[in-house]
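Following: one structure in structure tokens, then a few remarks.
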Amino acid sequence: MKLAAARREGFVSKKLSDTNGARSKKRPLVVIGILTRFGRKKNRDAIRKAWLGTGAVLKKMEDEKGIIVRFVIGRSENRGDSMDRGIDSENKQTNDFIILDNHVEASEEHPNKTRMFFAYAADNLDAEFYAKVNDDVYVNIDALGTTLAGHLDKPRVYVGCMKSGEVFSEQSHKWYEPDWWKFGDKKSYFRHASGEMYVISRALARFVSINRFILRTYAHDDISVGSWFIGLDVKHIDERKFCCSSWSSGLSLSISLSLSLSHTHTHT
Numbered sequence: 515m516k517l518a519a520a521r522r523e524g525f526v527s528k529k530l531s532d533t534n535g536a537r538s539k540k541r542p543l544v545v546i547g548i549l550t551r552f553g554r555k556k557n558r559d560a561i562r563k564a565w566l567g568t569g570a571v572l573k574k575m576e577d578e579k580g581i582i583v584r585f586v587i588g589r590s591e592n593r594g595d596s597m598d599r600g601i602d603s604e605n606k607q608t609n610d611f612i613i614l615d616n617h618v619e620a621s622e623e624h625p626n627k628t629r630m631f632f633a634y635a636a637d638n639l640d641a642e643f644y645a646k647v648n649d650d651v652y653v654n655i656d657a658l659g660t661t662l663a664g665h666l667d668k669p670r671v672y673v674g675c676m677k678s679g680e681v682f683s684e685q686s687h688k689w690y691e692p693d694w695w696k697f698g699d700k701k702s703y704f705r706h707a708s709g710e711m712y713v714i715s716r717a718l719a720r721f722v723s724i725n726r727f728i729l730r731t732y733a734h735d736d737i738s739v740g741s742w743f744i745g746l747d748v749k750h751i752d753e754r755k756f757c758c759s760s761w762s763s764g765l766s767l768s769i770s771l772s773l774s775l776s777h778t779h780t781h782t
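For reference, each letter of the sequence shown is one residue, going 515 to 782 in our numbering.
Structure below.
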């Protein structure tokens with residue numbers, strides 16, 4: 515029933531109306547969700563300064579480039595406390611947040627937060643693509659736009675730096691996977707996009723939205739997202755510009771134009 519609904523509601527998306535492959539003027543190219551947490555305001559301010567902008571600059575990027583960017587955060591376990599009030603105050607100044615009122619911030623809930631972001635964005639912000647980004651990744655907007663424009667002809671696409679990492683069964687390990695026994699030889703995950711940044715098309719975001727309550731999550735958001743699409747008719751794009759080899763440390767974006775991402779290790 516759920517899959518049938520997904521097909522009716524957009525998982526099998528309609529062909530683009532423009533035969534040249536250009537995106538609809540009314541539909542933005544991409545919604546980028548920067549997943550952030552409490553205590554990370556310095557990271558957010560660094561992103562605003564480096565590539566996001568605020569106010570008129572942010573609006574211009576939306577209107578002229580069709581790129582909508584929002585920080586994504588949930589609520590404190592103690593609803594209405596100083597952390598919640600701090601985010602509300604910051605958002606009043608910047609107006610660049612998606613606040614997931616039904617999500618409680620916790621490190622172990624990061625995969626669920628990602629699922630909720632895609633569902634919320636698909637329901638409220640119609641776009642060609644949806645991207646999840648960590649709050650220590652700096653995006654070259656023009657390069658990203660060019661990359662995604664090359665995939666507009668693919669209705670069901672999953673773009674990222676594809677990898678297959680190790681499954682850790684030791685409970686004391688930082689990257690412990692409680693469901694380690696489900697992964698074949700118990701040593702490697704299936705191929706999936708690395709979690710720093712990945713992009714899914716509109717049809718896939720709608721699929722996530724429709725099936726949000728039955729999609730399984732694992733210990734990590736990138737594994738979880740990859741698992742949702744592995745059995746579906748989805749085009750996996752191994753975009754090497756999203757990989758670690760294309761990153762440089764520091765805040766400067768004055769790097770090769772062929773790179774789409776710059777990564778910093780600045781944390782709070």
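Think of the CB as a built atom: it goes at the ideal place given N, C-alpha and C, for glycine as much as any other residue.
Predicted, not measured: the structure shown is a model, and the values here were computed from it.
Among Val544, Lys573 and Trp565, nearest to Ala641 - alpha-carbon criterion
Val544
Does the beta-carbon of Thr660 have 16 or more other beta-carbons within 10 angstroms, so that it is buried, or is it exposed?
exposed
What does DSSP give as the partner residue(s) for Gly674 in the beta ladder?
Tyr712 and Asp752
Where His706 sits in the DSSP three-state scheme
strand
Looking at Arg720: is its Cβ nearer than 8 Å to the Cβ of Ala663?
no
Out of Leu666, Met676, Gly547 and Leu746, state which residue places its alpha-carbon closest to the alpha-carbon of Lys788.
This structure does not reach residue 788, given that the chain is present from 515 up to 782, and the question cannot be answered.
Give me the Cα-Cα distance between Gly745 and Arg554, rounded to the nearest whole angstrom.
36 Å
Reference Leu658; option with closest CA among Lys573, Phe632, Phe643 and His687
Phe643
Please report the straight-line C-alpha distance between Ala620 and Ser738, rounded to a whole angstrom.
16 Å
Distance between His665 and Gly594 (C-alpha atoms, nearest Å)
42 Å
Pull up the distance between the alpha-carbon of Phe727 and that of Arg629, whole angstroms please.
10 Å
Evaluate Tyr634 with the Cβ neighbour count: other Cβ atoms within 10 Å of its Cβ, from every protein chain shown; 16 or more gives buried, anything less gives exposed.
buried
In DSSP terms, what Ala645 is bridged to
Ile546 and Val713
Classify Asn654 as helix, strand or coil using the three-state DSSP reduction.
coil
With respect to the alpha helix (DSSP H) encompassing Arg589, which residues constitute its N-terminal and C-terminal limits?
Counting along the chain, Arg589 falls outside any alpha helix (DSSP H), though it belongs to the beta strand (DSSP E) covering Ile581 to Arg589.
Among residues of its own chain, excluding the 5 on either side of Glu604, which ones have a beta-carbon nearer than 8 Å to its beta-carbon?
Lys555, Arg558 and Phe611
Nearest-angstrom Cα separation, counted from His624 out to Asn638:
21 Å
Spell out the partners DSSP gives Phe798 in its beta bridges.
The structure shown does not extend to residue 798, since the chain is modelled only from 515 to 782, so the question has no answer here.
Please classify Asn592 as buried or exposed, where buried requires at least 16 neighbouring CB atoms within 10 angstroms.
exposed
Less than 8 Å separating the beta-carbons of Phe622 and Val673?
According to the sequence displayed, residue 622 carries Glu and not Phe. Against a cut-off of 8 Å, the Cβ pair of Val673 and Glu622 comes out as no contact.
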